[in-house]
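Residue numbers (my numbering), protein chains in the order written: chain A, 1 to 113; chain B, 1001 to 1113.
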């Protein structure tokens, strides 16, 4: 059974600081997604990582994928309050020929002014 | 439409009743997914459609849950004899093809009282 573990599950940090969220998964996959969710809202796609060594950056967020270590990271640089949200990683494995995502529990991020 | 549309946005029902949740995917998207998100958790995969057929329904928790997509576009998730444990946000997502990036709707918040 595929397990996706994120840590930390809760993070409170100050504006201007850097931090990294980690996502470990238990089964081989070369397709990993990061999503953002604001309270009461749906999931917003942030990054799609499709190969070992993939690195993508958007503003203050940077995501990377190491398929050999089964690890993805989401790095936040010089955090700002607007980045407060819950961040999910999700892994895509083929379930008997079909596709579906297995999500981590999410990292609830609060950025204090 | 511009995005994935789900109706209703909120549904309160009594234990034992039958409910239907509707999803309108992005036009032209052949793949459609249903997920369930409980409070404080990541979304859990329920079922995946490729066109009109359910390619993978391994995530449906029991036979009270059923989903259809008769014309390969709109999908309906049906829950019979609802239980309080069915209370959650039900998310629908669609993608252009089965292994492409999925876009999520706003969800239907189901409350069983």
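Where is the CB? At the ideal position from N, CA and C, for every residue including glycine.
Alpha-carbon to alpha-carbon, residue j and residue i
i              : j              : result
residue 1106/B : residue 67/A   : 31 Å
residue 1021/B : residue 92/A   : 25 Å
residue 102/A  : residue 27/A   : 11 Å
residue 1064/B : residue 1014/B : 15 Å
residue 87/A   : residue 79/A   : 14 Å
residue 1026/B : residue 1095/B : 8 Å
residue 10/A   : residue 62/A   : 19 Å
residue 111/A  : residue 1093/B : 29 Å
residue 21/A   : residue 42/A   : 20 Å
residue 1045/B : residue 7/A    : 21 Å
residue 1068/B : residue 1038/B : 22 Å
residue 69/A   : residue 106/A  : 20 Å
residue 5/A    : residue 65/A   : 14 Å
residue 1113/B : residue 108/A  : 28 Å
residue 1049/B : residue 1005/B : 16 Å
residue 96/A   : residue 1007/B : Unreliable placement is indicated for residue 96/A, whose pLDDT of 48 sits below 50; no coordinate value is reported for it.
residue 1057/B : residue 1047/B : 4 Å
residue 1100/B : residue 85/A   : 25 Å
Within chain A, partners of residue i - CB distance below 8 Å
i              : result
residue 1063/B : Going along chain A, no residue has its Cβ under 8 Å from residue 1063/B, so there is no contact; the nearest lies around 19 Å.
residue 1091/B : 42 and 43
For residue i, the three-state DSSP class (helix, strand or coil)
i              : result
residue 1022/B : strand
residue 83/A   : helix
residue 92/A   : strand
residue 1086/B : helix
residue 1038/B : coil
residue 78/A   : coil
residue 1114/B : For residue 1114/B there is no data in the structure shown, the boundaries of chain B being 1001 and 1113.
residue 1093/B : strand
residue 1005/B : strand
residue 1016/B : coil
residue 1031/B : strand
residue 1102/B : coil
residue 1010/B : strand
residue 1074/B : coil
residue 12/A   : strand
residue 1080/B : coil
residue 1/A    : coil
residue 100/A  : strand
residue 1109/B : strand
residue 109/A  : strand
residue 1060/B : coil
Chain A contact residues for residue i, given Cβ-Cβ distances below 9 Å
i              : result
residue 1025/B : Simply none; closest approach about 14 Å.
residue 1045/B : 95, 100, 101, 102 and 103
residue 1080/B : None at all; the shortest Cβ gap to chain A is about 23 Å.
Candidates the options: closest to residue i by CA position
i              : options                           : result
residue 1087/B : 1071/B, 1010/B and 1002/B         : 1010/B
residue 73/A   : 40/A, 39/A, 16/A and 54/A         : 54/A
residue 1082/B : 1016/B, 1003/B, 1076/B and 1012/B : 1016/B
residue 1079/B : 1044/B, 1019/B, 1109/B and 1034/B : 1019/B
residue 77/A   : 1/A, 14/A, 19/A and 5/A           : 19/A
residue 47/A   : 56/A, 39/A and 4/A                : 56/A
residue 32/A   : 90/A, 105/A, 13/A and 59/A        : 90/A
residue 1054/B : 1061/B, 1034/B, 1062/B and 1040/B : 1034/B
residue 59/A   : 39/A, 75/A and 13/A               : 75/A
Amino acids of chain B, ordered along the chain, whose beta-carbon sits closer than 7 Å to that of residue i
i             : result
residue 105/A : 1041 and 1042
7 Å Cβ cut-off: residues of chain A touching residue i
i              : result
residue 1104/B : 42 and 43
residue 1107/B : 42
Chain C within 9 Å of residue i, Cβ atoms only
i              : result
residue 1106/B : Here the protein chains are A and B, and chain C is not one of them.
If we require 3 or more residues per run, which beta strand (DSSP E) segments fall completely within the segment 16–75 of chain A? You should have 19–25, 32–37, 43–49, 55–58 and 61–66.
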